[in-house]
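Per the working numbering, the sequence shown starts with residue 1022, numbered consecutively.
Each residue gets a CB set at the ideal place from its N, CA and C atoms; glycine is no exception.
None of the values given here were measured: they were computed from a predicted structure.
Here the structure is laid out as structure tokens; the discussion comes afterwards.
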Amino acid sequence: MTGGRRATRWRPGSGRSPSALEDELVLVTSDGEYRCSVAIFAVGMTEPWVPPIPGLELGMHYVHVSSAPDRYEDRRVVIVGKRNSAFEVGEAIVRSGLRELTLVSPRPPDLARLARSPLRPWYLTPYDEHVRGAPGRYVLNASVEKIERRGQEFLLHALDPTRPESVVVEVDDVVAATGFRAPLQDLPELGVTTVLDGRLPALTPFWESVTVPGVYFAGNVTQAAQGLRKHGVASVSSMVCGFRYNARILARHVAETVFGIRLGRPRIEPANVVPYLLGELTRAPELTMQKGYLARVLGIDAEAGIRNLGILPLEVFVDGSHDGVAATLEFDADETIRPVVYMRRRGVLNETALPPHPLRRYEDAEYGEPLDALVRPLLPS
Ligand SMILES: Cc1cc2nc3c(=O)[nH]c(=O)nc-3n(C[C@H](O)[C@H](O)[C@H](O)COP(=O)(O)OP(=O)(O)OC[C@H]3O[C@@H](n4cnc5c(N)ncnc54)[C@H](O)[C@@H]3O)c2cc1C
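So, in structure tokens, the structure goes:
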């Protein structure tokens, strides 16, 4: 795609009244124009991004880090950033004979809460060496003010809130491990509101632009819809193992809301509700991977009975109005994984966390009895 615009067309055969107007998206590509009423952009987060710090340039982004074994030999290197990619790059170059390695960003790495942190322990050699005081290994919690070039070297000025003066680090190489942005091209000009300094579109829980109906996103851009983030835990929509489950829900949502294809909502007998939910909590990959983000949802209605509404974003159930049950897995405040059951009865929402299980197996009486006691008042007699 090289560009896009919104057009307005008349819906065929519906007369020329204003209500017959239907928005249309026109995708301008190197292969001509494509028209559609809905577009799903799975464009990834593929453009290097650096924050607006004087002297920090896109050419310093870590996509340009060389894999030549002697590239950083006897060099002083500073990495701007302290998330997973910063430590991953540090880990990759720390054994290449470099003289100094400094990682710098305002916030300390959240090592005490690894389940909710993007950090992977296998990249933490630079941090381990820093805390043990190894020569030339530093991890600074400071905000980078500016980077100046002085001859062949750079001076990085950082504001450490515990010190009156800027910390100045003299280095030979600056690496910006500051992340990526989605290649949104002219979508913001078409009205697609963005978040995170324009790096991602602002999305509804069904991954639709909050400002331009009909513009949806799939793939790792779906991380922009953050969900409930209970206890600060993020979804894993930034990774294939997470966003693949969002894609199924999105396809179903578009099929139903745009194309009017009503998919089945099988009825479940009251006696099967508890075993079914416990089986889902034990085995459903959507719940295992997208903890606290996706949920198995049953709708309960006096006339329609109990209906399986499928896997849905938990936020959709919590912010909805229909009576029913949503079962999910969540990290609690201590990072222990627990089944959590949300129930809405006569419009009142309650949530109950069940006990953890060391092997995350929930299909026995330890879970069946409390779940049965919870959901029985909801079920049609
Ligand atoms: C080093 C590294 C390691 C990773 N390891 C893992 C891992 O172990 N497990 C995991 O789950 N995830 C991992 N990830 C993340 C994973 O690779 C990405 O989340 C995933 O590739 C994103 O998929 P996507 O389809 O959203 O976007 P992408 O794979 O980035 O695909 C985007 C597509 O959109 C196309 N595109 C973009 N703009 C346009 C345009 N204007 N017109 C037409 N086409 C366009 C691109 O050509 C591309 O084909 C890793 C990522 C990196 C960088």
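Write down the C-beta distance between residue 1337 and residue 1234 rounded to the nearest angstrom, noting that I regard them as a contact closer than 8 Å.
To locate residue 1337, count along the sequence shown from 1; it is residue 316. To locate residue 1234, count along the sequence shown from 1; it is residue 213. 17 Å between Cβ atoms; not a contact.
Does DSSP put residue 1214 in a helix, in a strand, or in coil?
Taking the sequence shown and counting its residues from 1, the one referred to as residue 1214 is at position 193. Reduced to three states, the DSSP call for residue 1214 is coil.
Through-space distance from residue 1356 to residue 1257, alpha-carbon basis:
Locating residue 1257 in the sequence shown gives position 236, counting from the first residue. Locating residue 1356 in the sequence shown gives position 335, counting from the first residue. The alpha-carbon atoms of residue 1257 and residue 1356 are separated by roughly 15 Å.
So is the beta-carbon of residue 1088 under 8 Å away from any non-hydrogen atom of ligand 1?
Counted from its first residue, the sequence shown places residue 1088 at position 67. Taking non-hydrogen atoms of ligand 1 into account, the C-beta of residue 1088 is found less than 8 Å away from none of them.
Taking DSSP as the reference, what is the three-state secondary structure of residue 1286?
Stepping through the sequence shown from its first residue, residue 1286 is reached at position 265. In this structure, residue 1286 counts as coil in the three-state DSSP scheme.
One question on the structure: do residue 1236 and residue 1060 come within less than 9 Å of each other, judged by their Cβ atoms?
In the sequence shown, the residue the question calls residue 1236 occupies position 215. In the sequence shown, the residue the question calls residue 1060 occupies position 39. Yes; because the gap between Cβ atoms is below 9 Å, this pair is in contact.
Residue 1049: CB within 8 Å of a non-hydrogen atom of ligand 1
Looking up residue 1049 in the sequence shown gives position 28. Set against 8 Å, the gap from the CB of residue 1049 to the closest heavy atom of ligand 1 is not smaller.
At 3 residues or longer, what runs of the beta strand (DSSP E) sit wholly inside the stretch 1133-1189?
1158-1162, 1164-1171 and 1174-1180, all fully within the stretch 1133-1189.
Under 9 Å between the Cβ atoms of residue 1213 and residue 1232?
In the sequence shown, residue 1213 corresponds to position 192, counting from 1. In the sequence shown, residue 1232 corresponds to position 211, counting from 1. Contact: yes.
From residue 1302 to residue 1331, what distance separates their C-alpha atoms?
As a first step, residue 1302 must be located in the sequence shown, where it is residue number 281. As a first step, residue 1331 must be located in the sequence shown, where it is residue number 310. Their Cα atoms are separated by approximately 13 Å.
What runs of the alpha helix (DSSP H), each 4 residues or longer, lie entirely inside the stretch 1273-1345?
Entirely contained in the stretch 1273-1345, the alpha helix (DSSP H) runs reaching 4 residues are, in chain order, 1291-1304, 1306-1310 and 1335-1339.
Cross-strand partners of residue 1082 (DSSP beta bridge):
Reading the sequence shown from its first residue, position 61 is the one you call residue 1082. Per DSSP, 1197.
May I ask you to report which of helix, strand or coil DSSP gives residue 1129?
As a working note, residue 1129 is residue 108 in the sequence shown. Secondary structure of residue 1129 (DSSP, three-state): coil.
Continuous beta strand (DSSP E) stretch holding residue 1236: start and end:
Locating residue 1236 in the sequence shown gives position 215, counting from the first residue. That run of the beta strand (DSSP E) goes 1236-1238.
For residue 1348 and residue 1277, I'd like the C-alpha separation in whole angstroms.
On the sequence shown, residue 1348 is found 327 positions in, with the first residue counted as 1. On the sequence shown, residue 1277 is found 256 positions in, with the first residue counted as 1. The straight-line gap from Cα to Cα measures roughly 23 Å.
Taking C-beta to C-beta, are residue 1096 and residue 1188 nearer than 9 Å?
Within the sequence shown, the letter at position 75 stands for residue 1096. Within the sequence shown, the letter at position 167 stands for residue 1188. No; because the gap between Cβ atoms is not below 9 Å, this pair is not in contact.
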